[in-house]
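*Asks:*
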Amino acid sequence: MAHVIRPQPGILEIELYKGGDSHVAGVRDAIKLSSNENPYGPSDRAVEAFRRAAHSLHRYPSSDHARLREAIGATFDLDPARIICGAGSDEIISALCHAYAGPGDEVVHTEHGFLMYRIAAYGAGATPVEAPEHERAVDVDAILSACNERTRLVFLANPANPTGTMIKPSEIERLAERMPPQALLVLDGAYAEFAEGYDGGAGLVAARQNVVMTRTFSKIFGLGGLRVGWAFGPGEVIDVLNRLRGPFNLSTAQQEAAEAAVGDGEHLERCRSENARLRVWLAQALTEIGVACDESMANFVLARFESPQEAAACDAHLREQGLIVRRTDSYKLPHCLRITVGDEPSCRRVAHAIAQFRGRR
Ligand SMILES: *Cc1c(COP(=O)(O)O)cnc(C)c1O
12 MAHVIRPQPG ILEIELYKGG DSHVAGVRDA IKLSSNENPY GPSDRAVEAF
62 RRAAHSLHRY PSSDHARLRE AIGATFDLDP ARIICGAGSD EIISALCHAY
112 AGPGDEVVHT EHGFLMYRIA AYGAGATPVE APEHERAVDV DAILSACNER
162 TRLVFLANPA NPTGTMIKPS EIERLAERMP PQALLVLDGA YAEFAEGYDG
212 GAGLVAARQN VVMTRTFSKI FGLGGLRVGW AFGPGEVIDV LNRLRGPFNL
262 STAQQEAAEA AVGDGEHLER CRSENARLRV WLAQALTEIG VACDESMANF
312 VLARFESPQE AAACDAHLRE QGLIVRRTDS YKLPHCLRIT VGDEPSCRRV
362 AHAIAQFRGR R
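Per this note's numbering, residue 12 is the first one in the sequence shown, and the count goes up by one each step.
#1: Answer yes or no: do A110 and V251 have a C-beta to C-beta separation smaller than 8 Å?
#2: Hey, how far is the Cα of A137 from the Cα of R360?
#3: What residues in its chain sit with their C-beta under 6 Å from that of R56, if we drop five residues either side in the sequence?
#4: For R373, does the count of other Cβ atoms within 10 angstroms reach 16, so buried, or fall short, so exposed?
#5: Let me check understanding here. Comparing Cα to Cα, which of A314, G236, A294, E141 lies closest to V58?
#6: Tell me the DSSP secondary structure of R369 in three-state form.
#7: Based on Cα-Cα distance, which residue from V165, Q265, H34, I94 lies nearest to S67?
#8: With distances taken from each beta carbon to the nearest heavy atom of ligand 1, which residues come in below 5 Å, in chain order?
#9: Report the option in S229, P245, V149, T174 whose CA atom is closest to the CA atom of L195.
#10: According to DSSP, K230 sits in a beta bridge with which residue or residues?
#11: Is H123 buried or exposed, if buried means 16 or more other CB atoms sit within 10 Å of its CB?
#12: Using the three-state DSSP reduction, which class does F166 fall into: helix, strand or coil?
#13: In chain order, what are the residue ranges of uninterrupted alpha helix (DSSP H) at least 4 long that sit wholly in the stretch 222–270?
#14: Please identify the residue among A60, P72, G21, H34 whose C-alpha is closest to the C-alpha of G113.
#15: Just mark A60 as buried or exposed, buried being the case when its beta carbon has 16 or more other beta carbons within 10 Å.
#16: Ignore the nearest five residues each way along the sequence and tell me which others in Y51's own chain have a CB closer than 6 Å to its CB.
#17: Looking at I335 and I42, is the spacing between their C-beta atoms short of 8 Å?
#18: Mind reading off the beta-carbon distance from L186 to M224? Whole number of angstroms is fine, and I expect it under 8 Å.
#19: Helix, strand or coil: which one does DSSP assign to P192?
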């Protein structure tokens with residue numbers, strides 16, 4: 012009999028996610044500024060906790076993540092009962108799509124938004140819908156225009172990746188107010204800690220029934236390799252996600268390292284202030300070279316070139332110098348390069364190399 016084995020609808024629409032490169036052929040010790048990683052690494056306490064966890068590898072991990080949720084709740088002043096933890100916020104983004112959207116439903120994301128929203132929507136059999144942005148900033152009216160009776164989820168990163176731009180809390184509130192009644196607003200706060208004084212939307216989540224906030228240990232906590240993310244949401248939403256979640260989705264090492272990391276406020280503060288200082292420095296250096304960039308509230312800057320060709324040529328020049336940045340063609344920004352704010356020597360090197368590139372044209 013002929014086999015007719017097919018995946019669920021939507022799966023073959025998914026374009027494989029490509030992470031930032033980490034190697035350049037022929038270059039040793041390349042500087043990786045392509046994945047918005049923390050150049051200072053994680054807290055020593057997290058590394059120590061990870062090592063300690065080696066002694067209990069024969070034991071199943073906690074399935075309710077109680078201690079980690081307590082620690083997150085204490086640091087961010089949130090009710091631990093309304094927190095859920097996942098293997099990166101990626102897992103939570105996928106779970107939200109599986110829980111709330113299916114065939115015939117729509118998932119709205121913004122024009123230059125994070126690629127995972129489309130992937131997760133297709134993975135659930137739903138249809139991703141793109142809302143235009145205005146000059147690389149999220150446009151609430153465009154999102155509202157993209158919503159209809161089929162909309163189940165709206166994904167929004169604030170600060171956004173790869174643009175680094177941010178919209179005002181009052182704009183997010185306006186969006187939350189006007190969302191269709193059957194749709195959930197997901198505020199992706201992967202970079203919230205880098206934006207001084209911003210709560211990632213936690214206050215809005217606490218006050219409403221239709222908003223969820225996702226966060227991650229991958230960025231300011233320097234634990235991208237550990238794979239831990241979390242969300243804070245209405246009790247009903249957290250309950251739904253907990254039903255769907257694998258009971259042992261986080262290993263003991265993941266839980267304990269993340270718990271130690273979130274308790275190290277000193278490390279967090281140091282990373283935040285160094286990033287803020289060098290982000291301004293890098294943007295200024297680029298502007299002086301004649302490369303435009305929007306004000307970034309995250310841990311990267313988006314450098315704008317005159318054409319996709321110029322961006323590609325600059326990328327090639329940087330690679331020759333052992334500097335890896337992120338091309339943003341797949342984010343509909345082919346004339347840009349996203350540069351992670353590294354430590355001071357890396358920032359100086361990348362600015363110098365771009366100046367060299369501009370000078371020799
Ligand atoms: C990096 C990033 C995340 C984090 O993903 P993890 O799965 O937690 O590593 C989420 N959203 C955006 C917009 C990001 O850039």
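Ideal Cβ placement from N, Cα and C applies to all residues, glycine included.
These figures come from a predicted structure and were not determined experimentally.
*Replies:* Here's the rundown:
#1: The residue given as residue 110 occupies position 99 in the sequence shown. The residue given as residue 251 occupies position 240 in the sequence shown. Taking 8 Å as the Cβ cut-off, A110 and V251 qualify as a contacting pair.
#2: As a position in the sequence shown, residue 137 is number 126, starting the count at 1. As a position in the sequence shown, residue 360 is number 349, starting the count at 1. If I take the Cα positions, the gap works out to 44 Å.
#3: Stepping through the sequence shown from its first residue, residue 56 is reached at position 45. Closer than 6 Å at Cβ, skipping near neighbours: A271, D275.
#4: Beyond the ends of the chain as shown, which are 12 and 372, falls residue 373; an answer cannot be given.
#5: Indexing the sequence shown from 1 puts residue 58 at position 47. It is G236.
#6: One-based indexing of the sequence shown puts residue 369 at position 358. Correct three-state label for R369: helix.
#7: Here residue 67 corresponds to residue number 56 of the sequence shown, with the count starting at 1. Closest option to S67, Cα to Cα, is Q265.
#8: G99, S100, D101, F125, A168, N172, D199, A201, T227, S229, G240
#9: Residue 195 sits at position 184 when you count from the first residue of the sequence shown. Of S229, P245, V149, T174, the residue nearest in Cα terms is P245.
#10: To locate residue 230, count along the sequence shown from 1; it is residue 219. Beta-bridge pairing links K230 to no other residue.
#11: As a position in the sequence shown, residue 123 is number 112, starting the count at 1. Counting Cβ neighbours within 10 Å, H123 comes out buried, since at least 16 surround it.
#12: The residue labelled residue 166 in the question sits at position 155 within the sequence shown. Here F166 sits in strand by DSSP.
#13: 246–255
#14: Translated into the one-based positions of the sequence shown, residue 113 becomes position 102. Residue G21 is the option with its Cα nearest to G113.
#15: Locating residue 60 in the sequence shown gives position 49, counting from the first residue. Per the 10 Å Cβ criterion, buried.
#16: Here residue 51 refers to the residue found at position 40 of the sequence shown. Here the set comprises C282.
#17: In the sequence shown, residue 42 corresponds to position 31, counting from 1. In the sequence shown, residue 335 corresponds to position 324, counting from 1. Result yes, Cβ atoms of I42 and I335 sit closer than 8 Å.
#18: Position 175 of the sequence shown holds residue 186. Position 213 of the sequence shown holds residue 224. The Cβ separation is near 14 Å, so there is no contact.
#19: Translated into the one-based positions of the sequence shown, residue 192 becomes position 181. Three-state result, P192: coil.
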